[in-house]
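Residue numbers (the numbering used here): 6 to 370. C-beta atoms are modelled at their ideal positions from N, C-alpha and C, and glycine is treated no differently. Here the structure is a predicted model, which is why all the values come from computation and not from measurement. Read the structure below first, then the notes.
Right, here's the structure in full:
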């Protein structure tokens with residue numbers, strides 16, 4: 006699994022999808038909202054460090070579901086992707102490396118000290134995402150693909166479709182969210198104290214061998230869950246200390262499509278980051294499809310994309326050959342003419358020199 010996901014839902018939308026009430030939201034708080042987001046009168050979850058994004062990389066915050074150690078309830082809070090173990094020490098000059106442990110192999114998590122310690126403490130988490138990205142080499146370039154869980158088709162009224170047409174950039178993301186269901190990824194979290202003495206929640210995502218659907222794309226995939234309680238609350242036997250290393254019991258209808266290569270840039274975060282490039286209006290693919298369409302008129306043909314017929318190409322090639330031959334002939338004729346002129350000049354000089362010699366030879370000494 007590559008280190009990119011997409012979380013287009015707000016904090017509140019994630020909480021609603023996971024059935025987590027406001028009194029079980031955790032994180033930084035802000036006052037003066039009148040309790041609009043829950044969590045107490047005049048006091049609400051701020052989560053100013055998180056915002057929905059179509060291109061999430063390690064080091065960014067996303068909503069994460071976990072088992073709160075104090076209350077024992079399943080809670081939701083923002084955590085930073087990229088595990089920094091609580092035992093890590095980073096001085097005020099160094100910056101934590103969130104890319105070092107953003108993934109963990111589920112097959113060996115219970116034997117590696119850094120992960121087995123967290124498993125024993127029960128610090129498991131569930132990461133809700135709208136999808137994730139994988140790259141596949143195609144020729145000399147790597148093409149990114151967006152992987153997601155497709156929702157069942159839902160009947161929508163004509164009025165709602167008319168509203169979507171005028172929603173603009175924000176509406177594009179809303180339509181994309183409605184097409185998909187959240188993927189629940191199994192992970193581990195830990196609490197690290199940063200350079201300022203503040204507690205920072207960080208997490209890693211478990212990976213496993215790919216299912217047959219996507220083994221053509223990558224040799225690893227995230228560990229998917231059907232239910233958050235399956236991973237958070239399981240206590241029987243050795244399963245409490247083991248990661249879910251198989252997805253055999255999870256039936257997912259995964260879908261995917263190619264997306265813009267701009268997502269390779271961690272700072273790129275535009276609405277088209279998760280859109281199918283074959284359907285994006287104005288893309289090269291759509292222009293070429295329009296060019297091949299028999300219904301398109303000459304006025305619709307984009308400038309610079311008109312293709313020459315085979316006969317036109319042959320005629321052009323013949324004209325170029327004739328022009329080249331004529332130029333070579335003229336050059337040869339010109340060089341021959343200049344040679345003859347040069348010979349005549351030399352002959353005149355020789356005759357003049359002979360006349361001068363004969364004149365001086367006849368003079369009396």
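How about residue 140 and residue 19: are their beta carbons less than 8 Å apart?
-> Position 135 of the chain shown, counting from 1, holds the residue named residue 140. Position 14 of the chain shown, counting from 1, holds the residue named residue 19. Against a cut-off of 8 Å, the Cβ pair of residue 19 and residue 140 comes out as no contact.
Neighbourhood of residue 130 by C-beta distance below 6 Å, restricted to the same chain and skipping five residues each side | Numbered from 1 along the chain shown, position 125 holds the residue referred to as residue 130. Correct list, in chain order: 69, 71, 192, 194, 208.
Cβ-Cβ distance between residue 137 and residue 31 below 8 Å = The residue labelled residue 137 in the question sits at position 132 within the chain shown. The residue labelled residue 31 in the question sits at position 26 within the chain shown. No, Cβ-Cβ distance for residue 137 and residue 31 is not below 8 Å.
Exposed unless 16 or more other CB atoms sit within 10 angstroms - verdict on residue 113 | For the purposes of this step, residue 113 is taken as residue 108 along the chain shown, with counting starting at 1. So residue 113 counts as exposed.
Of all the options 323, 346, 218, which has the alpha carbon lying nearest to the alpha carbon of residue 153?
-> Stepping through the chain shown from its first residue, residue 153 is reached at position 148. Restricting attention to 323, 346, 218, the CA atom closest to the CA of residue 153 is found in 218.
Nonlocal neighbours in the same chain, by C-beta distance under 8 Å from residue 234, ignoring five residues either side = Here residue 234 refers to the residue found at position 229 of the chain shown. Excluding positions up to five away in sequence, the list reads 79.
On the three-pair Cβ rule with 8 Å, is the segment 91 to 108 touching the segment 264 to 275?
-> Short answer: they don't touch.
To the nearest angstrom, report how far apart residue 329 and residue 356 are at their CA atoms.
-> Within the chain shown, the letter at position 324 stands for residue 329. Within the chain shown, the letter at position 351 stands for residue 356. The alpha-carbon atoms of residue 329 and residue 356 are separated by roughly 42 Å.
Would you please verify whether the beta carbon of residue 102 is less than 8 Å from any beta carbon of chain E?
-> Absent from the structure: chain E. Only one protein chain is present.
For residue 277, which residues of its own chain have a beta-carbon under 7 Å away from its beta-carbon, when the five flanking residues on both sides are left out?
-> Taking the chain shown and counting its residues from 1, one reaches residue 277 at position 272. Result list for residue 277: 265, 285, in chain order.
Tell me, to the nearest whole angstrom, how far the beta carbon of residue 108 is from that of residue 210; I am working on the premise that it is less than 8 Å.
-> For this step, residue 108 is matched to residue 103 along the chain shown. For this step, residue 210 is matched to residue 205 along the chain shown. The Cβ separation is near 6 Å, so the contact holds.
Would you check if the distance between the CB atom of residue 11 and the CB atom of residue 60 is smaller than 8 Å?
-> Here residue 11 is taken as the residue at index 6 of the chain shown, counted from 1. Here residue 60 is taken as the residue at index 55 of the chain shown, counted from 1. Yes, the pair counts as a contact, with Cβ atoms nearer than the cut-off.
With DSSP as the reference, label residue 134 as helix, strand or coil.
-> Within the chain shown, numbered from 1, the residue matching residue 134 stands at position 129. The DSSP-derived three-state label of residue 134 is strand.
Whole-Å CB distance - residue 77 paired with residue 106, under 8 Å assumed | Mapped onto the chain shown, residue 77 falls at position 72. Mapped onto the chain shown, residue 106 falls at position 101. Actually they do not touch by this definition, with Cβ atoms about 27 Å apart.
Does the Cβ of residue 352 have 16 or more other Cβ atoms within 10 Å, making it buried, or fewer, making it exposed?
-> One-based indexing of the chain shown puts residue 352 at position 347. A residue is called buried when at least 16 other Cβ atoms come within 10 angstroms of its Cβ; residue 352 does not meet this threshold and is exposed.
For the beta strand (DSSP E) that contains residue 69, what are its first and last residues?
-> Here residue 69 refers to the residue found at position 64 when the chain shown is read from its first residue. Unbroken beta strand (DSSP E) run through residue 69: 66 to 72.
Under three-state DSSP, which class holds residue 48?
-> Residue mapping note: residue 48 aligns to position 43 of the chain shown, counting from 1. Confidence is the limiting factor: at residue 48 the pLDDT is only 37, short of 50, which leaves the residue's position unreliable, though a coordinate-based value still follows. DSSP places residue 48 in strand when its eight states are reduced to three.
Could you tell me which of 222, 350, 123, 189 sits nearest to residue 148, measuring between CA atoms?
-> For this step, residue 148 is matched to residue 143 along the chain shown. Ranking the options by Cα distance to residue 148, first place goes to 222.
Per DSSP, the bridge partner or partners of residue 153 | Here residue 153 corresponds to residue number 148 of the chain shown, with the count starting at 1. Answer is 260.
Beta-carbon contacts of residue 91 that lie in its chain and below 6 Å, excluding the five residues immediately before and after = The residue given as residue 91 occupies position 86 in the chain shown. Scanning its chain for C-beta atoms nearer than 6 Å, with the 5 sequence neighbours on each side dropped, one finds around residue 91 the residues 195, 196, 197, in chain order.
Short check: CB of residue 15 to CB of residue 110, under 8 Å?
-> On the chain shown, position 10 is the one that residue 15 refers to. On the chain shown, position 105 is the one that residue 110 refers to. Contact flag unset, no.
Between residue 282 and residue 257, what straight-line distance do the alpha-carbon atoms span, to the nearest angstrom?
-> Walking along the chain shown from the start, residue 282 turns up at place 277. Walking along the chain shown from the start, residue 257 turns up at place 252. Cα to Cα, the separation comes out at about 24 Å.
Own chain residues within Cβ distance below 6 Å of residue 271, not counting five before or after = Here the question's residue 271 lines up with position 266 in the chain shown. Cβ within range, chain order: 62.
Beta strand (DSSP E) containing residue 85: first to last residue?
-> Along the chain shown, one-based indexing puts residue 85 at 80. Taken as a continuous stretch (DSSP letters only), the beta strand (DSSP E) holding residue 85 covers 79 to 86.
In chain order, what residues of the same chain lie with their CB nearer than 8 Å to the CB of residue 57, ignoring the 5 residues before and after it?
-> Mapped onto the chain shown, residue 57 falls at position 52. These residues qualify, in order along the chain: 12, 13, 14, 15, 178.
Taking all protein chains shown into account, decide if residue 226 is buried (16 or more other Cβ within 10 angstroms of its Cβ) or exposed.
-> Stepping through the chain shown from its first residue, residue 226 is reached at position 221. Under the 10 Å beta carbon count, residue 226 is surrounded by 16 or more other beta carbons and is classified as buried.
Of the choices 331, 262, 275, 350, whose alpha-carbon is the least far from that of residue 155?
-> What you label residue 155 is simply residue 150 of the chain shown in a count that begins at 1. Answer by Cα proximity: 262.
If we ignore side chains and look at the alpha-carbon of each, how far apart do residue 89 and residue 236 end up?
-> Indexing the chain shown from 1 puts residue 89 at position 84. Indexing the chain shown from 1 puts residue 236 at position 231. Those two C-alpha atoms are separated by around 21 Å.
Locate the beta strand (DSSP E) running through residue 221, then write down its first and last residues.
-> The residue you call residue 221 lines up with position 216 of the chain shown. It is not in any beta strand (DSSP E) - residue 221 carries neither H nor E in the DSSP assignment.
What did DSSP end up calling residue 210 once you bin it into helix, strand or coil?
-> Start at 1 with the first residue of the chain shown, and residue 210 comes out as number 205. Of the three classes helix, strand and coil, the one that applies to residue 210 here is strand, per DSSP.
Endpoints, the alpha helix (DSSP H) within which residue 123 is located | One-based indexing of the chain shown puts residue 123 at position 118. Unbroken alpha helix (DSSP H) run through residue 123: 118 to 125.
Provide the residue span of the beta strand (DSSP E) that contains residue 190, from first to last.
-> Mapped onto the chain shown, residue 190 falls at position 185. Segment 188 to 198, the beta strand (DSSP E) holding residue 190.
Taking DSSP as the reference, what is the three-state secondary structure of residue 10?
-> Working through the chain shown from its first residue, we reach residue 10 at position 5. The three-state reading of DSSP puts residue 10 in strand, counting E and B together.
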